[in-house]
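J.:
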Amino acid sequence: MHKNIFILMIAMLALASCNAQNTKPIIVVSGNPVYAIISELAGPKIEVRRLVPPGASPHTHQPKPSDMYKVQAATVLVYISENNDGWAVKLPGGRKTLRLMDFLPREMQLGFDGDFISTKDSTKINENSIDSHFWMDPLAVKAILPALADTLASLDPQNASTYKNNAALFAKRLDLLHRQIDDIVHSIKGHTVFLYHPSLLYFLKRYSINYGGSIEESPGKEPTPQFIAKLTAKIKEAGTTAIFYEPQLSDKTARIIAESAGLELFMLDPVGGEKGRENYQDLLLFNARTLSKALTAK
Ligand SMILES: [Zn+2]
Numbered sequence: 001m002h003k004n005i006f007i008l009m010i011a012m013l014a015l016a017s018c019n020a021q022n023t024k025p026i027i028v029v030s031g032n033p034v035y036a037i038i039s040e041l042a043g044p045k046i047e048v049r050r051l052v053p054p055g056a057s058p059h060t061h062q063p064k065p066s067d068m069y070k071v072q073a074a075t076v077l078v079y080i081s082e083n084n085d086g087w088a089v090k091l092p093g094g095r096k097t098l099r100l101m102d103f104l105p106r107e108m109q110l111g112f113d114g115d116f117i118s119t120k121d122s123t124k125i126n127e128n129s130i131d132s133h134f135w136m137d138p139l140a141v142k143a144i145l146p147a148l149a150d151t152l153a154s155l156d157p158q159n160a161s162t163y164k165n166n167a168a169l170f171a172k173r174l175d176l177l178h179r180q181i182d183d184i185v186h187s188i189k190g191h192t193v194f195l196y197h198p199s200l201l202y203f204l205k206r207y208s209i210n211y212g213g214s215i216e217e218s219p220g221k222e223p224t225p226q227f228i229a230k231l232t233a234k235i236k237e238a239g240t241t242a243i244f245y246e247p248q249l250s251d252k253t254a255r256i257i258a259e260s261a262g263l264e265l266f267m268l269d270p271v272g273g274e275k276g277r278e279n280y281q282d283l284l285l286f287n288a289r290t291l292s293k294a295l296t297a298k
């Protein structure tokens with residue numbers, strides 16, 4: 001009898017500790033770019049969970065039953081935009097959702113050619129023609145922080161001050177990071193870069209580096225031989241020394257072009273979450289250093 005009561009007490013204690021854990025707000029994010037930003041605002045008090053594991057592309061992710069289970073527990077779900085990780089918002093279940101692109105001021109938004117959409121004919125602009133990889137520019141990230149922190153605070157009022165204080169501190173670190181990157185890429189300003197997919201346009205624009213084109217204009221979709229031939233000619237004409245692949249996508253085409261055009265192959269990472277590129281700052285510094293090294297090689 002006593003033994004049974006003891007077992008019951010242990011079970012109740014275990015249940016109570018589970019409940020205590022469950023009261024911790026959980027922010028579920030699509031993938032690592034969002035994770036890197038939201039983690040800075042959430043700090044250790046709030047749990048941030050990724051649906052796409054590090055090393056995989058948020059663009060090509062196929063939602064799994066485990067993703068549905070994860071979003072059930074979410075206080076808030078955060079994703080970037082329909083043309084980036086739009087599958088996340090289609091997961092069933094009514095929960096509060098944040099779309100990060102909504103926080104980026106219109107005048108900072110770029111088209112897929114690397115130019116500001118404010119310079120274009122507004123009748124030809126739709127959501128699909130806006131590049132969503134804004135997190136590759138630390139000052140674009142800084143620009144979304146005040147409104148993002150306010151919105152998170154209204155969705156989770158208990159932790160309002162955490163979000164707002166962390167956002168203010170992160171903004172200061174982003175200013176420092178921007179100056180650090182500006183220094184690293186100083187000697188490659190004005191160079192032309194050809195990317196694997198249009199993932200670093202915001203970075204290139206911010207640091208006055210030219211964008212030449214991409215191997216995969218649509219991530220995960222292999223280019224035709226004709227497209228590769230045209231791009232290779234463009235690369236040779238631009239006189240660049242390097243081409244890039246990304247760890248989340250196949251490197252096959254980048255290797256073919258590197259070999260046929262006599263270019264060095266380097267890795268750029270627009271997603272991060274892997275060793276040495278775990279947090280936001282390390283991810284941006286990795287890309288700045290890689291670009292600088294690649295474009296000053298030979
Ligand atoms: Zn991308």
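Residue 19 in the numbering used here sits at position 19 of the sequence shown, with consecutive numbering throughout. Note that CB positions come from ideal geometry on N, CA and C, so glycine has one too.
Output the distance between the C-alpha atoms of Ile-37 and Ala-56, rounded to the nearest integer angstrom.
T.: Looking at the two C-alpha atoms, the distance is approximately 18 Å.
J.: Residues in its own chain within less than 7 Å of Leu-201 by CB, not counting five upstream and five downstream?
T.: Only Leu-110, Gly-114, Asp-131, His-133, Tyr-211 meet the Cβ criterion.
J.: Could you check the C-alpha separation between Thr-123 and Ile-188 for me, to the nearest Å?
T.: Cα to Cα, Thr-123 sits roughly 35 Å from Ile-188.
J.: Can you check whether the C-beta of Pro-53 is within less than 8 Å of a C-beta belonging to chain C?
T.: This model lacks chain C altogether; it includes just one protein chain.
J.: Cβ of Ser-199 within 7 Å of any heavy atom in ligand 1?
T.: Flag set: Cβ of Ser-199 near ligand 1.
J.: Would you decide whether Lys-275 is buried or exposed? Buried here means 16 or more other CB atoms lie within 10 Å of its CB.
T.: Answer is exposed; the Cβ neighbour count stays below 16.
J.: Would you mind giving the Cβ-Cβ distance between Pro-53 and Val-271, rounded to the nearest angstrom? I have them listed as a contact below 8 Å.
T.: Actually they are not in contact, since the Cβ atoms of Pro-53 and Val-271 sit about 11 Å apart, beyond 8 Å.
J.: Suppose you measure from the CA of Leu-283 to the CA of Gly-93; what does that come to, to the nearest Å?
T.: Approximately 32 Å, taken between the alpha carbons.
J.: Ligand 2 heavy atoms versus the CB of Pro-54: any closer than 7 Å?
T.: Ligand 2 is not part of the structure shown, which contains ligand 1 as its ligands.
J.: What number of angstroms, rounded off, separates the C-alpha of Thr-119 from the C-alpha of Asn-128?
T.: Whole-angstrom Cα-Cα distance: 17 Å.
J.: Considering only residues of the segment 67-145, which uninterrupted beta strand (DSSP E) runs meet the minimum length of 3 residues and lie entirely inside it, listed in chain order?
T.: With a minimum length of 3 residues, the continuous beta strand (DSSP E) runs that stay inside the segment 67-145 are 76-79, 96-99.
J.: Could you tell me which of Ser-218, Ala-261, Asp-251 sits nearest to Glu-237, measuring between CA atoms?
T.: That would be Ala-261, whose Cα lies nearest to the Cα of Glu-237.
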